[in-house]
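So the sequence shown is numbered by the working numbering: it starts at 5 and just counts up by one. Glycine included, C-beta positions come from ideal geometry on N, C-alpha and C.
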Amino acid sequence: MMVKNRLSSLLVEAVAVLICLLFVIPFVFAVINSFKTYPEMMESFIRLPNRLNFENYVKAWTVMKGLRPFINSIIITVFSIIGIVLFSSMAAYKLSRTKDRKSWVIYLIFVFALVVPFHCYMIPLVKLTASLKLTKSYIGIVLIYWGICMPYAIFLQHGFVKSRPYDIEASAVIDGCTPFKTFFFIVFPLMKPIVST
5 MMVKNRLSSL LVEAVAVLIC LLFVIPFVFA VINSFKTYPE MMESFIRLPN
55 RLNFENYVKA WTVMKGLRPF INSIIITVFS IIGIVLFSSM AAYKLSRTKD
105 RKSWVIYLIF VFALVVPFHC YMIPLVKLTA SLKLTKSYIG IVLIYWGICM
155 PYAIFLQHGF VKSRPYDIEA SAVIDGCTPF KTFFFIVFPL MKPIVST
């Protein structure tokens, strides 16, 4: 029995190492080839460069105009994540704790939005963004990310909140907490595992 367990764990480890290598090898080759000249790259993709050539990095820095793309990515990512986490957690909390038909219908609309493939609404979304003149702004891309990611976030958090007991919130309401205080000081800290997901 022990030998069988050892063999199965070795097999699992071997598969895990193989999967890791499959993910790491392309990155290693990308780094190696970034130091090659174009003729060297065309000659052999696998071979190490004759000498370290930093021209590609200088060219990339010049074309990308320095740190601007990285700053743009950071701004868009930060505001997208803050909005998605904040609004989806509030919506999921409200929809899971309200026991009427209207909140159930709204929740189902969010769930059905997950079924629609991005390709179906990609072109109308671009046209709408262009007509609102939001194509070359941070707010345009942030709003698009909110709209695309919100249904999935609400779906995940709705199930999480529903599985939590209501007793803590009920005792907070009895102690005089407003709905906002109950959410931000009691419910939201309990949602850390699902919010980090």
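Compare the C-alpha of F164 against each of N76, M45 and L99 and name the closest. In the sequence shown, residue 164 corresponds to position 160, counting from 1. For F164, the nearest C-alpha among the options comes from L99.
Does the Cβ-Cβ distance between E173 and V146 come in under 8 Å? For the purposes of this step, residue 173 is identified with residue 169 of the sequence shown, where counting begins at 1. For the purposes of this step, residue 146 is identified with residue 142 of the sequence shown, where counting begins at 1. For E173 and V146, no; Cβs fall outside 8 Å.
Please report the distance separating the alpha-carbon of L90 from that of P30. To locate residue 90, count along the sequence shown from 1; it is residue 86. To locate residue 30, count along the sequence shown from 1; it is residue 26. Distance between the alpha carbons of L90 and P30 is about 36 Å.
Under a three-way DSSP split, which group does R10 fall into? Taking the sequence shown and counting its residues from 1, one reaches residue 10 at position 6. Of the three classes helix, strand and coil, the one that applies to R10 here is helix, per DSSP.
Nearest-angstrom Cβ-Cβ length linking N57 and T41, presumed shorter than 8 Å: One-based indexing of the sequence shown puts residue 57 at position 53. One-based indexing of the sequence shown puts residue 41 at position 37. Between T41 and N57 the Cβ distance is about 6 Å, and since that is below 8 Å, they are a contact.
With a 10 Å radius around its C-beta and 16 neighbouring C-beta atoms as the bar for buried, classify P155 as buried or exposed. Taking the sequence shown and counting its residues from 1, the one referred to as residue 155 is at position 151. Classification for P155: buried.
What is the rounded straight-line gap between the Cα of G87 and the Cα of F39? In the sequence shown, residue 87 corresponds to position 83, counting from 1. In the sequence shown, residue 39 corresponds to position 35, counting from 1. Cα to Cα, G87 sits roughly 40 Å from F39.
Sequence-distant residues of the same chain with beta carbon closer than 8 Å to P197, five excluded per side: By one-based count along the sequence shown, residue 197 stands at place 193. Correct list, in chain order: F164.
Quick check: the Cα distance between Y97 and I158, rounded to an integer number of angstroms? Taking the first residue of the sequence shown as 1, we reach residue 97 at position 93. Taking the first residue of the sequence shown as 1, we reach residue 158 at position 154. Going by the C-alpha atoms only, they are around 9 Å apart.
Whole runs of the alpha helix (DSSP H) within the stretch 51-104, excluding any shorter than 4 residues: 59-67 and 72-101
Taking only the alpha-carbon atoms, compute the straight-line gap between E47 and R55 and give it to the nearest angstrom. For the purposes of this step, residue 47 is taken as residue 43 along the sequence shown, with counting starting at 1. For the purposes of this step, residue 55 is taken as residue 51 along the sequence shown, with counting starting at 1. So the alpha carbons of these two residues sit roughly 15 Å apart.
Could you round the C-beta distance between V177 and T186 to whole angstroms and report it? I think they count as a contact, below 8 Å. The residue you call residue 177 lines up with position 173 of the sequence shown. The residue you call residue 186 lines up with position 182 of the sequence shown. Contact holds; Cβ gap of about 6 Å.
Helix, strand or coil: which one does DSSP assign to S107? By one-based count along the sequence shown, residue 107 stands at place 103. S107: helix per DSSP, three-state reduction.
Does V191 come out as helix, strand or coil in the three-state DSSP assignment? Taking the first residue of the sequence shown as position 1, residue 191 is located at position 187. DSSP places V191 in helix when its eight states are reduced to three.
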